[in-house]
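Shown next, in C-alpha cells, is the structure this report addresses.
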Amino acid sequence: MRHVKFPTAPGRSFSSALLVLAALLAFTPASLSAADHKVFALCYHSFLGNKFPSDIPLEEFRSQMAFLKSRGFGFVSYADLVNGTVSGTRNILVVIDDGNHSVLRAYREVMKPMGIRPLLAVYPNVIGRKSYALTWEQLDGLRKGGCDIAAHGYYHELMNREFYERDPRQFVREIARSKETLEEKLPGLKVSAFVYPNGVRADITKKVLREEGYACAFTINWGATVSPLARNRDVLELPRYMVMKGNWNMISSAILKASAG
Ligand SMILES: [Zn+2]
C-alpha cells in the first residue's frame, strides 16, 4: 500500500485517492485464498514479575497485547481456529503453558478486558497440588469465563523417542492420562489439543497423539498457523512464538513481517 502514488493534480487528488482505495478494497478479498488466513500463536508461562526468563511481568504483557492491537491484530481463540472462523492474516492466539496461578489475574486484568480468550496448556500433576499452580476450581472458573484448555502431558515429561523406548507404557499414559484427567476434572470439556512440553516431540509422539484422539499439537517453532487447520503442513506441529524476557522485539518484528507476506 505504501508504494501507491496518488495523483497530485489540484482538486482531483481526493476523488482519485478514493478510486484507488475502492480498487484496492475490491481486489483484496479476491486475492485472499483460504491458505492466507493466518494465526500467530504466542506462548507465555507466568506473569509474576520474578527473575525467571519465561516470566513476563503483567504490565509488559499488557503493553505487548496493546502493541499488537495498535498494529491491527485481532485476538482469536482456539475454538475459532478449530471452527475455521478466522479471517485475514493479523490474528493472535495467546497460549499459556503450565497452569501458573498468575494466569487468574492476567486474565481478569488484561485479557478479558481486551477480549482475549487464551488457550491454557495444563499438566494435571500440579493443579491443586503446588502453591504456584491454579486449583481445579480456578481452572474451571477460567474455562467457564471463556478460556480453552489443552493437554500438556500429565507430569510435563519430554515426549521424545528415548522416553518411549525406555518406558512405552508410561509414554502412552503421559499422553492419554492428561486428556482423561482434564476431561474428568472439568466436566463437559473435550480436549483436542496437545502442547508439547518444551516443544519436544518425535514421530512416535505424533503417532500416539493420533491414536489417543488429539486433533492437533503445538510446538515452539516459529511460524504462522493457517486456518482452517487442515491446510497446515502438519497439524501435529503447529508453530508458536515463546515469549521470554528480552525477545519481544524479535518476535513482534517476525510476526509483523510474516503477517504481511
Ligand atoms: Zn510447559
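Numbering-wise (the working numbering), the sequence shown opens with residue 1016 and increments by one.
For every residue, glycine included, the Cβ atom is placed at its ideal position computed from N, Cα and C.
Worksheet item: Do the region 1121-1137 and the region 1103-1113 meet, that is, are 3 or more Cβ pairs less than 8 Å apart?
Response: The region 1121-1137, when compared against the region 1103-1113, does touch it at the 8 Å Cβ threshold.
Worksheet item: Where does Met1257 land, buried or exposed, given buried means 16+ other C-beta within 10 angstroms?
Response: In the sequence shown, counting from the first residue as 1, residue 1257 sits at position 242. The residue in question, Met1257, is buried, as its Cβ has 16 or more Cβ neighbours within 10 Å.
Worksheet item: What span of residues does the alpha helix (DSSP H) with Asp1163 cover, start to end?
Response: What you label residue 1163 is simply residue 148 of the sequence shown in a count that begins at 1. Premise fails: Asp1163 lies in the beta strand (DSSP E), Asp1163 to Ala1166, not in any alpha helix (DSSP H).
Practice prompt. Express the C-alpha separation of Asn1098 and Gly1278 in angstroms, rounding to a whole number.
Written response: There is no way to answer for residue 1278, as the model of the chain reaches only from 1016 to 1276.
Worksheet item: Beta carbon of Asn1236: closer than 8 Å to some heavy atom of ligand 1?
Response: For the purposes of this step, residue 1236 is identified with residue 221 of the sequence shown, where counting begins at 1. At a threshold of 8 Å, Asn1236 does not count as near ligand 1, since its beta carbon sits no closer than that to any of the ligand's heavy atoms.
Worksheet item: Comparing alpha-carbon positions, which option in Arg1120, Tyr1093, His1060 and Val1141 lies nearest Asn1213?
Response: Counting from one through the sequence shown, the residue named residue 1213 turns up at place 198. Comparing Cα positions, the closest option is His1060.
Worksheet item: First and last residue of the alpha helix (DSSP H) that includes Ile1266?
Response: For the purposes of this step, residue 1266 is identified with residue 251 of the sequence shown, where counting begins at 1. Annotation: the continuous alpha helix (DSSP H) that includes Ile1266 extends over Trp1263 to Ala1275.
Worksheet item: Is His1171 near ligand 1, judged by its Cβ being under 8 Å from some heavy atom?
Response: Working through the sequence shown from its first residue, we reach residue 1171 at position 156. At least one heavy atom of ligand 1 sits closer than 8 Å to the Cβ of His1171.
Worksheet item: How about Arg1077 and Glu1152: do their beta carbons lie closer than 9 Å?
Response: For the purposes of this step, residue 1077 is taken as the residue at position 62 of the sequence shown. For the purposes of this step, residue 1152 is taken as the residue at position 137 of the sequence shown. Contact flag unset, no.
Worksheet item: What's the C-alpha gap between Ser1092 and Thr1104?
Response: The sequence position of residue 1092 within the sequence shown is 77, counting from 1. The sequence position of residue 1104 within the sequence shown is 89, counting from 1. Rounded to the nearest angstrom, the two C-alpha atoms are 15 Å apart.
Discussion item. Please tell me whether, using a cut-off of 8 Å, the distance from the CB of Pro957 to the nearest non-hydrogen atom of ligand 1 is below it.
Written reply: The structure shown does not extend to residue 957, since the chain is modelled only from 1016 through 1276, so no value can be given for it.
Fill in: Reduced DSSP category for Ser1061 - H, G, I as helix; E, B as strand; rest coil
Walking along the sequence shown from the start, residue 1061 turns up at place 46. Note: Ser1061 maps to strand in three-state DSSP.
Fill in: Neighbourhood of Ala1094 by C-beta, 7 Å cutoff - its chain only, sequence neighbours within 5 removed
As a working note, residue 1094 is residue 79 in the sequence shown. Answer for Ala1094: Asp1163, listed in chain order.
Worksheet item: Is the beta carbon of Asn1213 within less than 8 Å of some heavy atom of ligand 1?
Response: Residue numbering aside, residue 1213 sits at position 198 when the sequence shown is read from its first letter. Under cutoff, so the answer is yes.
Practice prompt. Classify Arg1192 as buried or exposed, calling it buried when 16 or more other Cβ atoms lie within 10 Å of its own Cβ.
Written response: Residue numbering aside, residue 1192 sits at position 177 when the sequence shown is read from its first letter. With 16 or more Cβ atoms within 10 Å of its Cβ, Arg1192 is classed as buried.
Discussion item. Would you say the beta carbon of Lys1167 is closer than 8 Å to some non-hydrogen atom of ligand 1?
Written reply: Within the sequence shown, residue 1167 is the residue found at index 152, counting from 1. Note that residue 1167 corresponds to His in the displayed sequence, not to Lys. True, at least one ligand heavy atom lies under 8 Å from that Cβ.
Worksheet item: Is Val1097 near ligand 1, going by C-beta to nearest heavy atom under 8 Å?
Response: Residue 1097 sits at position 82 when you count from the first residue of the sequence shown. Flag unset: Cβ of Val1097 not near ligand 1.
Worksheet item: Can you list, in chain order, the stretches of the beta strand (DSSP E) that have 3 or more residues and sit fully within the region 1176-1215?
Response: Uninterrupted beta strand (DSSP E) stretches at least 3 residues long and entirely within the region 1176-1215 occur at 1208-1210, given in chain order.
Worksheet item: Would you call the CB atoms of Ser1274 and Ala1239 closer than 9 Å?
Response: In the sequence shown, counting from the first residue as 1, residue 1274 sits at position 259. In the sequence shown, counting from the first residue as 1, residue 1239 sits at position 224. With contacts defined as CB atoms closer than 9 Å, Ser1274 and Ala1239 qualify as a contacting pair.
Fill in: Bridge-paired residues (DSSP) for Val1110
Stepping through the sequence shown from its first residue, residue 1110 is reached at position 95. According to DSSP, which records beta bridges pairwise, Val1110 is partnered with Cys1058 and Leu1134.
Discussion item. Please report the straight-line C-alpha distance between Val1101 and Ala1232, rounded to a whole angstrom.
Written reply: As a working mapping, residue 1101 is identified with position 86 in the sequence shown. As a working mapping, residue 1232 is identified with position 217 in the sequence shown. Cα to Cα, Val1101 sits roughly 18 Å from Ala1232.
Fill in: Euclidean distance between Cα positions of Leu1034 and Asn1247
Within the sequence shown, numbered from 1, the residue matching residue 1034 stands at position 19. Within the sequence shown, numbered from 1, the residue matching residue 1247 stands at position 232. Residue confidence is low: Leu1034 scores 45 on pLDDT, short of 50, so the model does not pin down where it sits. No coordinate-derived value is stated.
Worksheet item: Comparing the CB of His1060 with every heavy atom of ligand 1, is any distance shorter than 8 Å?
Response: Sequence index remark: in the sequence shown, residue 1060 carries index 45 (1-based). Because some heavy atom of ligand 1 lies under 8 Å away, the Cβ of His1060 counts as near it: yes.
Discussion item. At a threshold of 8 Å, does Val1210 count as lining ligand 1 (C-beta to nearest heavy atom)?
Written reply: The residue given as residue 1210 occupies position 195 in the sequence shown. Yes, ligand 1 has a heavy atom inside 8 Å of this Cβ.
Discussion item. With a threshold of 8 Å (Cβ to nearest heavy atom), would Ala1136 be considered close to ligand 1?
Written reply: In the sequence shown, residue 1136 corresponds to position 121, counting from 1. Checking the Cβ of Ala1136 against ligand 1 gives yes.
Worksheet item: At a cut-off of 8 Å, is Asp1070 close to ligand 1 when judged by its beta-carbon and the heavy atoms of the ligand?
Response: In the sequence shown, residue 1070 corresponds to position 55, counting from 1. Outside the cutoff, so no.
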